[in-house]
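The next block holds one structure in the form of structure tokens; read it before the comments.
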Amino acid sequence: EDIMDEVEQLVSILHKLEASKGDVEKCDDILLQIKIGLISFQLMPPFTEGKVETFKQLQLARRAYELGVLLSLRKRDFASFERYFAQVKSFYFDFSYLPESDQMWPIIGLNLMGLLAHNRIAEFHTELELIPIQHHTNDYIRYCVQLEQYMMEGNYSKLLSGSANLPTQHYEFFAGILTDTVRSKISECAEKAYSSLSISQVRELLGLKTDVESLAFAQSRQWRISDGLVLFGETVETVLEVPARALINEALTYAHELERIV
């Protein structure tokens, strides 16, 4: 009983720290203390039928792992996110007799978003199939499914427009990764469509804020720079003003939404 009370108190402290974006290192230390306390809990069957203490232990463990999921996002640690999600996932699907957590659907949606951001589409669909069909209309699930459809269509403008209004702030980490992925896709299209673009056109096309960022991005893609032009091909050619401008205008909405995400 004393250990359970201590764990409950630590979970409460961690919840408040996480909600207020408290010091990450301190949160990590508290989470470690909680996990040590969980060792003494009965978290594996068989359970004593109707035992209130067991239910409380399960709920505390579930909440601790949920906080681990959210803390991992603040640490920008996807591997840690996956570990904590794997632990909390069993509480969602194997212990369905527990009262539903208010974090269940946001966190399940986060997992889908993480897989999507890392282009792990097959795993995305595997996880989606585990979710009962009646819950596919849940806002967090539907949001991720819609983004995946845009990605499969190659509709990058809609992809970023749809991801501008994130379900919760916790989705920002994966939205940033998705932004990088989409910028890479647009770059691949530009490389095939044009021999060259001006630095300012590259900036507008990718939704970057400055020409300095555009130059840095160009260097990361190993594009050549000559006389203010970003060269995709082997030779310098005149910039095709009209097609380039049309492409930029078509992607302008995408670029603005991209800025709003990051």
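Using the numbering used here, the first residue of the sequence shown is number 562, and each one after it goes up by one.
All C-beta atoms, glycine included, are put in the ideal place defined by N, C-alpha and C.
Note that this is a predicted model, so its numbers are computed, not measured.
Leu604 has its alpha-carbon roughly 8 Å from the corresponding atom of Thr615. Nearest to Met565 by alpha-carbon distance, out of Ser748, Ser601, Arg623, is Ser601. Here DSSP, grouped into helix, strand and coil, assigns Ile786 to strand. Only residues of its own chain outside the window of five on either side were considered, and among them Ser641, Phe642, Tyr645 have a CB closer than 7 Å to the CB of Ser633, listed in chain order. Ile669 is positioned such that its CB atom lies no closer than 8 Å to that of Tyr658.
When Ser757, Leu758, Ile760, Leu677 are compared, the shortest CA-CA separation from Asp741 is found for Leu677. Ranked by Cα distance from Lys636, the first of Gly583, Met712, Lys753, Ile702 is Gly583.
Remark: C-beta atoms of Arg782 and Ser756 do not approach each other more closely than 8 Å. For the 8 Å CB-CB criterion, Glu688 and Leu673 form a contact. Note on geometry: alpha-carbon atoms of Asn726 and Lys612 lie some 43 Å from one another. When Asn680, Ile694, Pro667 are compared, the shortest CA-CA separation from Asp700 is found for Pro667. With a minimum length of 4 residues, the unbroken runs of alpha helix (DSSP H) contained wholly in the segment 565-639 fall at 585-599, 613-635. Around the beta carbon of Arg681, fewer than 16 other beta carbons lie within 10 angstroms, which makes this residue exposed.
Three or more pairs of CB atoms, one per stretch, sit closer than 8 Å, so the segment 620-633 contacts the segment 569-578.
Taking a C-beta distance under 8 Å as the contact criterion, Ile738 and His679 qualify as a contact pair. The alpha-carbon of Trp784 is positioned some 29 Å away from that of Glu733. According to the DSSP assignment, Leu766 belongs to the alpha helix (DSSP H) that extends over 760-767. Cβ-Cβ distances below 8 Å link Lys719 to Tyr711 in the same chain, with the five nearest sequence neighbours on each side left out; the list follows chain order.
Contact check for Ser759 against Leu790 passes: the beta carbons are separated by less than 8 Å. Ile702 has its alpha-carbon roughly 11 Å from the corresponding atom of Ile694. DSSP places Leu676 within a helical segment (H, G or I) once states are collapsed to three. Each residue's CA atom was taken as its position, placing Gln648 and Glu765 some 43 Å apart.
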